[in-house]
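One structure is given below, encoded as structure tokens.
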């Protein structure tokens, strides 16, 4: 926990056994068929099996020591780099959440709509009380587009886009290679990115965000209506 607080990330291998990984791969295939050329699927919490996964004892055992017993899942996305969808992700922070509907409130904005869901940048305090869990369904070494993080950058709050490169240059950059069944835990405000896969195969990652409490000010998480949030 002390390392996570300092670095903003942690890798946990072997969260899921091989049989569970294979079952989830089959479920993911029904959502994003091989060869469809799609790099991801939003609104993953619409799938009952994914909601069950986020409520499992294994997942809660990683989330609750960070956020406490009131933590709840508020977003689910599938990422998959393949030869048909092989992209580079520039250095950035995850600063957007998904809400049930637009309610203009101090500190919230700008607004957008993704996959039919309303999104907004909340105050930094909201993001600081969140944690992201990236469950890997395939081995993800560096050459397969593993995530890179700027260690400790999560403590800097929201970083202006023009300063992100400076922050990366000042921090230790770590390649988060994770094996199938393993997990990368990270703070949304941790500066991160990834290169295109040099040897693109599947790199299926189930990305779930967890938060504590309600948003207030008339705003509600999109997950409150059975949808997704980011």
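Numbering (our numbering), first residue to last: 68 to 297. No residue lacks a Cβ here, since even glycine has one placed at the ideal position from N, Cα and C.
Burial state of residue i, where buried means 16 or more other Cβ atoms lie within 10 Å
i, result
"residue 178", "exposed"
"residue 263", "exposed"
"residue 242", "exposed"
"residue 239", "exposed"
"residue 143", "buried"
"residue 137", "exposed"
"residue 217", "buried"
Distance between residue j and residue i (C-alpha atoms, nearest Å)
i, j, result
"residue 76", "residue 221", "9 Å"
"residue 146", "residue 202", "10 Å"
"residue 289", "residue 186", "9 Å"
"residue 69", "residue 237", "21 Å"
"residue 84", "residue 271", "16 Å"
"residue 81", "residue 252", "13 Å"
"residue 135", "residue 199", "14 Å"
"residue 101", "residue 93", "Legend: pLDDT at residue 101 = 46, less than 50; position of this residue unreliable, no value from coordinates given."
"residue 127", "residue 71", "16 Å"
"residue 125", "residue 276", "16 Å"
"residue 176", "residue 188", "5 Å"
"residue 90", "residue 229", "42 Å"
"residue 273", "residue 118", "11 Å"
"residue 285", "residue 184", "17 Å"
"residue 130", "residue 226", "25 Å"
"residue 160", "residue 86", "33 Å"
"residue 121", "residue 232", "33 Å"
"residue 139", "residue 113", "15 Å"
"residue 111", "residue 96", "13 Å"
Beta carbon of residue i nearer than 8 Å to that of residue j
i, j, result
"residue 269", "residue 205", "yes"
"residue 213", "residue 244", "yes"
"residue 219", "residue 191", "no"
"residue 88", "residue 158", "no"
"residue 196", "residue 279", "yes"
"residue 168", "residue 109", "no"
"residue 79", "residue 234", "no"
"residue 287", "residue 166", "yes"
Assigned secondary structure, residue i (DSSP; H/G/I helix, E/B strand, else coil)
i, result
"residue 85", "helix"
"residue 101", "Because the pLDDT at residue 101 is just 46, under 50, the model does not fix this residue reliably, and the value given afterwards should be weighed accordingly. Residue state, collapsed to three classes: coil."
"residue 114", "coil"
"residue 260", "strand"
"residue 317", "Residue 317 is absent from the structure shown; the chain starts at 68 and stops at 297."
"residue 92", "helix"
"residue 221", "helix"
"residue 204", "coil"
"residue 282", "coil"
Whole-number beta carbon distance between residue j and residue i, since they are thought to touch under 8 Å
i, j, result
"residue 193", "residue 282", "7 Å"
"residue 260", "residue 156", "5 Å"
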